[in-house]
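Residue numbers (our numbering), protein chains in the order written: chain H, 1 to 341; chain D, 1001 to 1341.
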DNA sequence: AGGTATGGTTTAAACGTTTAACGCGACGCT
DNA sequence: AGCGTCGCGTTAAACGTTTAAACCATACCT
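If you want it as structure tokens, here you go:
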């Protein structure tokens, strides 16, 4: 690989002049600039990013890690998210370093190592939770990061999130418009922060419609197919006049569990039971019936996250510091067929 | 961030001594070593990887890029693959830089830029094809890489691949054992190299069973749901005694298209028509009926790819240079129910 | 004429490491 | 006593950049 010295020699100037031409700083005569550019062209020279990084004390790398996807589950948006962040970063001459998070308890070690060795200039933190240790650590050491998701309201940091409350509200309103009154909600455990926002959307939309919260309609479970499947039987054990005719699930995986259990119980999904999922995983449109779901604006999240992070890295305050994006309800047959009967 | 100089000052030695302690080279007395280690501990020092990289002329980064997943399609194994490579790399003190491939024609530009700026020490090249320009380029400039997938047989390079031929053979044999004789194949277009290997598995298994290749059983289409859906109607237009009772599809997405089309045509998948997919996407087990599919040993592919690549980066010849792994047939109800009737 | 801007260029230090080369005292051998 | 050898440590150069500072014409101003 040619270095800046080779270029300097070729163009008969000092390395400083070459550097000035490269960075468009200093003052260089047109004639010399031409000569340098020709030499660069001839040698196919490109500046070494490592050497630049040492001098500038930056790596131009953004760290991004996610927990391994448990077997039998899928990560509906990972590929889109990585792709959009990688693309957004590249446009600004940054790159994304994806690393695997080990188990939560020594997760911080990996972050700390990246910070101390100057491997990355900042982090994207997905999948946040209340009292998130990663966020706590980064705030403590004052290292740049942007979270995809919210955390403790008292903590002041930059984040981008998708408005689960508004999303689920929209889903519930959609069901109400179709004539549903007995709408159930398959929620996540109490400790899920994201789940809280989404459940809040269910509650407020039901309340706004003047429907009181029925005993047994809200069920909580882990994000597991089997748990969703079983939840349906709990609902079916309710007295017929109190059985839900529609279900809003916190994720597509749960929605699939609901759909299959309903099918096995002899209900026709979309007619006897409306189902709404969350995430709009690519497969939802191929399910029978196709699943109505809330699509997250992932490309936008990626772009924004990166833009904000790079501002922070450069010491700018990143405005705005918090962004809440609305998901979009994609209506398909799992709800559309359910009649206003 | 403390530097090696700070440590040296703290321990009252020269920076060279600190470096020797860090790398376990040179000869350092136990007493001095202790002193240095204490200083390192006290300051929380970790060597700056950029500075190390400049000195060693390496980035300890592995580049990995994939083409964006088209809308309405899914990448069944991306998350597992990235995770396993990231993990394997980290164990060897390397990291994975994921970047987004632009359109194929200027894809090489991105690779060339990474090579010239010394951003990465090597590449993982997924999704290979015949006459792959990325491979051609890297061979030409002699830059280390390992491909996930094969390419021109005349080209000599390191690769890891999953044996599509053996996989589809296993699928066909499984169907034969169940009593199927009229087995169709939904293949990819001629220009798909991976598709060729898989189709070859179909042909050889059929041949070995003494079944002649029936006109119209093999259909080719792009990897699109709609195309698979339509293919079923082509088969159903065959005379009843020549209609396939089983289908092997090149991907899970195609298999889903087949399942849905069969369902809509009044056939019961698993009984009237057996279906096999490829990839074992996480959702397959939740389909109705659950889809029999070929699971790729992704974790192993990731581990091997990284191990081989790092050997190459260090100038070792990487033994073995080519690895073919067998996929495993995961039998589910989409075939299991089809009776030997 | 002498002084001061100004434009174009070079010199050299710095970024944080590694490592070859050297220095030096102690030890063992003849 | 003189001479390697060895163990332990330091000095200094190097990796490929950027950039402050210095330098040197030339031109301009009084």
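Glycine included, every Cβ here is placed at the ideal spot set by N, Cα and C.
Residues of chain D with CB closer than 9 Å to the CB of residue i, please, in chain order.
i, result
"residue 223/H", "Within chain D, no residue comes near residue 223/H; the closest Cβ sits about 13 Å away, beyond 9 Å."
"residue 23/H", "Chain D residues near residue 23/H: none, gap ~15 Å exceeds 9 Å."
Using a Cβ cut-off of 8 Å (strictly closer), state whether residue i contacts chain H.
i, result
"residue 1001/D", "yes"
"residue 1144/D", "no"
"residue 1289/D", "no"
"residue 992/D", "The displayed coordinates of chain D run from 1001 to 1341. Any statement about residue 992/D would go beyond what the structure contains."
"residue 1240/D", "no"
"residue 1095/D", "yes"
"residue 1079/D", "yes"
"residue 1059/D", "yes"
"residue 1296/D", "no"
"residue 1157/D", "no"
"residue 1082/D", "yes"
"residue 1173/D", "no"
"residue 1017/D", "no"
"residue 1233/D", "no"
"residue 1341/D", "The predicted position of residue 1341/D is uncertain, since its pLDDT is 47 and thus under 50; no value can be drawn from it."
"residue 1314/D", "no"
"residue 1263/D", "yes"
Starting from residue i, trace the beta strand (DSSP E) in both directions and tell me its first and last residue.
i, result
"residue 293/H", "292-295"
"residue 97/H", "95-100"
"residue 1122/D", "1122-1126"
"residue 219/H", "218-220"
"residue 1183/D", "1183-1187"
"residue 49/H", "No beta strand (DSSP E) holds residue 49/H; the alpha helix (DSSP H) holding it covers 49-56."
"residue 1033/D", "Careful: residue 1033/D lies outside any beta strand (DSSP E), inside the alpha helix (DSSP H) at 1030-1043."
"residue 1328/D", "1328-1330"
Looking at the secondary structure, which residues open and close the alpha helix (DSSP H) in which residue i lies?
i, result
"residue 1069/D", "No alpha helix (DSSP H) holds residue 1069/D; DSSP gives it neither H nor E."
"residue 1017/D", "1015-1023"
"residue 1172/D", "1164-1177"
"residue 1195/D", "1193-1208"
"residue 118/H", "Where residue 118/H is concerned, there is no enclosing alpha helix (DSSP H), given that its DSSP letter is neither H nor E."
"residue 1081/D", "1078-1091"
So, using beta-carbon positions, are residue i and residue j closer together than 8 Å?
i, j, result
"residue 1049/D", "residue 1007/D", "no"
"residue 126/H", "residue 188/H", "no"
"residue 168/H", "residue 183/H", "no"
"residue 224/H", "residue 252/H", "no"
"residue 88/H", "residue 303/H", "yes"
"residue 86/H", "residue 1100/D", "yes"
"residue 185/H", "residue 202/H", "yes"
"residue 54/H", "residue 1054/D", "yes"
"residue 247/H", "residue 273/H", "yes"
"residue 1232/D", "residue 1269/D", "no"
"residue 1158/D", "residue 1254/D", "no"
Does the Cβ of residue i have 16 or more other Cβ atoms within 10 Å, making it buried, or fewer, making it exposed?
i, result
"residue 1341/D", "A caution first: residue 1341/D carries a pLDDT of 47, below 50, which makes its placement in the model unreliable, though a value can still be read off. With fewer than 16 other Cβ atoms within 10 Å, it is exposed."
"residue 1001/D", "exposed"
"residue 346/H", "Coverage of chain H is limited to positions 1 through 341, which leaves residue 346/H absent and any answer about it impossible."
"residue 121/H", "buried"
"residue 1105/D", "exposed"
"residue 181/H", "exposed"
"residue 26/H", "exposed"
"residue 318/H", "buried"
"residue 18/H", "buried"
"residue 260/H", "buried"
"residue 1080/D", "buried"
"residue 1075/D", "buried"
"residue 1133/D", "exposed"
Between residue i and chain D, is there a C-beta pair that is closer than 8 Å?
i, result
"residue 44/H", "yes"
"residue 282/H", "yes"
"residue 72/H", "yes"
"residue 186/H", "no"
"residue 260/H", "yes"
"residue 320/H", "no"
"residue 68/H", "yes"
"residue 278/H", "no"
"residue 305/H", "no"
How would you list, in chain order, the residues of chain D whose beta-carbon sits under 7 Å from the beta-carbon of residue i?
i, result
"residue 47/H", "1117"
"residue 54/H", "1050, 1051 and 1054"
Interface residues of chain H around residue i at Cβ under 8 Å?
i, result
"residue 1299/D", "Result: empty, since nearest Cβ-Cβ is about 10 Å, beyond 8 Å."
What do you reckon, is the C-beta of residue i under 7 Å from a heavy atom of the ligand FAD?
i, result
"residue 1006/D", "Ligands displayed in this structure: none; no statement on the ligand FAD is therefore possible."
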